[in-house]
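Beneath this line is the structure, given in structure tokens, with notes to follow.
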Amino acid sequence: MGVGESFAAAFARSLEAAGIRMPEPGQVFVSVRDSDKPRLLPLAREMIRRGFTLVATRGTCDYLRGQGVDCAFVNKVIEGRPHVVDLIKNGDITYIVNTTEGKQAIADSFSIRREALQHRITYSTTLAGARALVGALDHAGSGTVHSLQELHGRLTA
18 MGVGESFAAA
28 FARSLEAAGI
38 RMPEPGQVFV
48 SVRDSDKPRL
58 LPLAREMIRR
68 GFTLVATRGT
78 CDYLRGQGVD
88 CAFVNKVIEG
98 RPHVVDLIKN
108 GDITYIVNTT
118 EGKQAIADSF
128 SIRREALQHR
138 ITYSTTLAGA
148 RALVGALDHA
158 GSGTVHSLQE
168 LHGRLTA
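Under the numbering used here, the final residue of the sequence shown carries the number 174; numbering is consecutive throughout.
Below, the structure written as structure tokens:
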């Protein structure tokens, strides 16, 4: 459970309690299904504003570049090397946003998730989760402690 004065603060606390590492600015791997691409745009811009750089598979990369967002290209696992799993193994990725659809994409995401888990890289499988995590970055390590009574008192006042 995470408690805070805002959703972002509470989410940051819950991630810390669960031992999930907040990503430091670095390279973010992004690969989302077509239906998620329009909703990815503000999140991608926010990550860049926060000092992250983006690397994406062809469809996502083309979409972001077409919208004026700077993004590097990397192969899908099935497309050959170098691919995203190579970047993860080399320590080049600090955060992953990957939504899937279809049999092959789900199979590819298994190897990405496995490698991310082995390298302790934070991974979001939904855009809602990614937005929550990016919003929580402002509250990482804040350590402000509030009693439940104090928070309840604010709500009823």
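Even glycine gets a Cβ: it sits at the ideal position worked out from N, Cα and C.
Legend entry - Own chain residues within Cβ distance below 8 Å of L144, not counting five before or after: Counted from its first residue, the sequence shown places residue 144 at position 127. Cβ neighbours of L144 beyond the five flanking positions: V49, D53, R56, L57, L60, V114 and T116.
Inset, instruction - Mind checking who I113 pairs with in its DSSP beta bridge? - result: Within the sequence shown, residue 113 is the residue found at index 96, counting from 1. F46 and Y140, per the DSSP bridge assignment.
Inset, instruction - Compare the beta carbon distance of Y112 and T139 with 9 Å and say whether it is the shorter of the two. - result: For the purposes of this step, residue 112 is taken as the residue at position 95 of the sequence shown. For the purposes of this step, residue 139 is taken as the residue at position 122 of the sequence shown. Yes, these two residues count as a Cβ contact at 9 Å.
Inset, instruction - Take every Cβ of the region 64-78, pair it with every Cβ of the region 88-103, and state whether three or more of those distances are shorter than 8 Å. - result: yes
Legend entry - Where the beta strand (DSSP E) through L71 begins and ends: Reading the sequence shown from its first residue, position 54 is the one you call residue 71. Counting along the chain, the beta strand (DSSP E) containing L71 begins and ends at T70 to A73.
Legend entry - DSSP bridge partner residues for H100 (one or two, in chain order): One-based indexing of the sequence shown puts residue 100 at position 83. Bridge partners of H100: N92.
Legend entry - 8 Å CB neighbourhood of A25 in its chain, flanking five on each side removed: The residue labelled residue 25 in the question sits at position 8 within the sequence shown. So the list reads A149, G152, A153, D155 and H156, once near-sequence residues are dropped.
Inset, instruction - Report yes if the C-beta distance between G68 and I110 is below 9 Å; otherwise report no. - result: In the sequence shown, residue 68 corresponds to position 51, counting from 1. In the sequence shown, residue 110 corresponds to position 93, counting from 1. No, they are not a contact pair.
Inset, instruction - Express the C-alpha separation of H136 and L168 in angstroms, rounding to a whole number. - result: As a working mapping, residue 168 is identified with position 151 in the sequence shown. As a working mapping, residue 136 is identified with position 119 in the sequence shown. Going from the Cα of L168 to the Cα of H136 covers about 37 Å.
Legend entry - Where M64 falls: helix, strand or coil (DSSP): Looking up residue 64 in the sequence shown gives position 47. In this structure, M64 counts as helix in the three-state DSSP scheme.
Inset, instruction - Would you kindly check if the distance between the Cβ of A133 and the Cβ of I105 is under 9 Å? - result: Residue mapping note: residue 105 aligns to position 88 of the sequence shown, counting from 1. Residue mapping note: residue 133 aligns to position 116 of the sequence shown, counting from 1. It is a contact, given that the beta carbons lie within the stated cut-off.
Inset, instruction - Would you kindly check if the distance between the Cβ of S141 and the Cβ of V102 is under 9 Å? - result: Start at 1 with the first residue of the sequence shown, and residue 102 comes out as number 85. Start at 1 with the first residue of the sequence shown, and residue 141 comes out as number 124. Not closer than 9 Å, so no.
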